[in-house]
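Since the structure comes first, as structure tokens, the remarks are kept for the end.
Numbering (the working numbering), first residue to last: 465 to 778.
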């Protein structure tokens, strides 16, 4: 997945994942989509709109990056957080790792809130592996070192890698539990950006500057995956990729996003978009999406929430 930031920018990846509106099509003056764009939009075309129950979970302050107001605008029923949310939705008795809520705890919280009898959408942002990496108090014994790293840099890297190892184990256990639930569940799991544990002069970034914006992701379902899906994505194309992976019918809006996903290099929606040369057909596809994006954000708002453009095929 091509991120829009290095060592930061989580909220923008989150906004694009929900809406499908790529940051590359916004003005360079736009810093945070949640604060600079979404509040003035009459309607946000989020995948969550198609689910009767919507739940957000973020073991941090819900007011960060205007999340509480945006999730409220999107009609989310609950926003579970450590603070800045309704009293009934406060997360309590949380297991932590070096001051951050552990991923294992976050996964348990999600499992507790899944109702097999309901159609639900979850937006979950974990915190375990957020900077700083000055300490590690878990049980992993993995060692790591970087070529040309100082002793202090190697310690930070090792702490980070050990936290990632803990996440891998917790994620495997999480998927095992999801497999036991008697309803179809699809999961999009992604790293929003690389960590600052990598120095700016890291050799891999010198070899290819785009490496600074590449992160891992996977799309998983407990009821069988299809293999006919794009490999390189940006956060704005996660939803069409999810629909492709599950063989779902789509609206004209998501059909357009799917065309963008397949035809336009994912790296175009990254900080190095100027280094990506588009063909005439690719440019036309992005212009089509840009017109839709302009109408939804700054234009006359011809496209309404009840427009056939956003209706899923039956």
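Glycine included, every Cβ here is placed at the ideal spot set by N, Cα and C.
Item, Value
"Neighbourhood of residue 601 by C-beta, 7 Å cutoff - its chain only, sequence neighbours within 5 removed", "561, 562"
"Cutoff 6 Å; reference residue 497; Cβ partners in own chain excluding five residues on either side", "476, 479"
"Other residues of its chain near residue 654: CB distance less than 6 Å, five sequence neighbours each side excluded", "465, 681"
"Same chain, Cβ closer than 6 Å to residue 651, neighbours up to 5 away in sequence not counted", "684"
"Inter-residue spacing [alpha-carbon to alpha-carbon] between residue 706 and residue 491", "27 Å"
"Beta-carbon proximity of residue 625 to residue 606, cut-off 8 Å", "yes"
"Three-pair Cβ contact test at 8 Å for the region 743-751 versus the region 715-731", "yes"
"Residue 518: first and last residue of the uninterrupted beta strand (DSSP E) it sits in", "517-525"
"Residue of 543, 769, 474, 667 minimising C-alpha distance to residue 495", "474"
"Neighbourhood of residue 787 by C-beta, 7 Å cutoff - its chain only, sequence neighbours within 5 removed", "Beyond the ends of the chain as shown, which are 465 and 778, falls residue 787; an answer cannot be given."
"Distance CB(residue 754)-CB(residue 493) smaller than 8 Å", "no"
"Closest by C-alpha distance to residue 686, when choosing among 724, 697, 640", "640"
"Runs of beta strand (DSSP E) wholly within the region 550-602 (minimum 3 residues, chain order)", "584-588"
"Where residue 527 falls, given that 16 or more other Cβ within 10 Å makes a residue buried", "exposed"
"Coil, strand or helix - residue 683 by DSSP", "strand"
"Collapsed DSSP secondary structure at residue 699 in the structure displayed", "helix"
"Proximal residues to residue 646 (C-beta, below 8 Å), its chain only, five neighbours per side dropped", "580"
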